[in-house]
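Since the structure comes first, as structure tokens, the remarks are kept for the end.
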Amino acid sequence: MKPDAEFLFRLADAAAHESLPLFRVPLEVDDKGAAAFDPVTEADRRAEKAMRDLIAAEFPEHAVLGEEYGASGEGGSCWVLDPIDGTRAFISGIPVWGTLIGYMEDGRATMGLMDQPYTGERFWAADGAAWLDGPRGPSPLKVRDTQALSQANLFTTTPRLFKGSALDRFLALEGAVRQTRFGTDCYAFAMLAAGFVDLVVEPGLQPYDIVALVPIIEAAGGVITTFSGGRPEAGGDVIAAATPALHEAAMALLASD
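Numbering (this note's numbering) for the sequence shown: 25 to 281.
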């Protein structure tokens, strides 16, 4: 038996049961970064453990990769978990963090979910369709038909993540688009799928940062690859675009020589 969307929702509910009560309350923050601040909280740990326990009970043969507890198990079926993507936003009381739940078969992301329990929004994809379940009820996700960089809204976490010549290429892209906004982590990818953002570029991602978002972007009609045009499931430098034309134009500025 393979997992379905209903199991995605059960995992998200289990994570929200742990994370939501700890949002906007005094909370101890640990720093797991060696060179830069990389926060983690009890909410991250509890949420990931709750999801891992549920996977172990229902699909004990599946592998799991999570941000807080690493990799376990082997095989072609793998869950990729980020219990709180955007912990900096979480500890700042800003509701642009989300729980990322991705499912891969033989290295390819086939189902994904981004849950924001505080706002009551759940972005998900399964069986080739992408949906938003939110306060206004369920609605299909569809990217915007933006063809030109001059009409595009670009998001990235911060330009400080781009180093050396990569920063020059990012600044060239920023100069070509209509506007650039910063700092919304996984929420920017969700808004691209919903038709409000046109480009998201993020360097240095880990698999747990992106696997859940890949099926959502693709099922909504968007394009998501590495800066070199490869599949994004392994992370690295990732670009998501609303249309193939926009992806091609952005890639021409971002790709290294």
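Every residue gets a Cβ at the ideal spot worked out from N, C-alpha and C, and that includes glycine. Predicted model only: the values in this text are computed from it and were never measured.
Please state the DSSP three-state secondary structure of residue i.
i, result
"Y127", "strand"
"D222", "coil"
"T111", "helix"
"I240", "helix"
"D37", "helix"
"I79", "helix"
"Q230", "coil"
"F31", "helix"
"G254", "coil"
If you draw a straight line from the C-alpha of residue i to the C-alpha of residue j, how long is it?
i, j, result
"G188", "D77", "43 angstroms"
"T111", "V64", "7 angstroms"
"M275", "F251", "6 angstroms"
"W155", "P45", "26 angstroms"
"I125", "P183", "26 angstroms"
"K73", "P27", "19 angstroms"
"A60", "D54", "12 angstroms"
"D62", "A39", "21 angstroms"
Pick from the options: whose alpha carbon is nearest that of residue i?
i, options, result
"A273", "A258, E257, G253", "G253"
"T267", "E66, A172, V238, T204", "A172"
"F206", "A40, N177, G122, D192", "N177"
Can you tell me where the beta strand (DSSP E) with residue i in it begins and where it stops?
i, result
"I248", "247-250"
"A264", "260-265"
"A153", "153-158"
"F206", "203-206"
The alpha helix (DSSP H) spanning residue i covers which residue range?
i, result
"S280", "Per DSSP, S280 belongs to no alpha helix (DSSP H) and is neither H nor E."
Validate contact between the segment 94-111 and the segment 229-238 using beta carbons, cut 8 angstroms, 3 pairs
yes
Taking 8 angstroms as the cut-off, does the segment 38-49 touch the segment 149-163 (at least 3 CB pairs, one atom from each stretch)?
As far as the Cβ criterion goes, the segment 149-163 does not touch the segment 38-49, which means the pair count is below three.
Segment contact, 8 angstroms Cβ cut-off, at least three pairs: the segment 210-218 with the segment 235-244
yes
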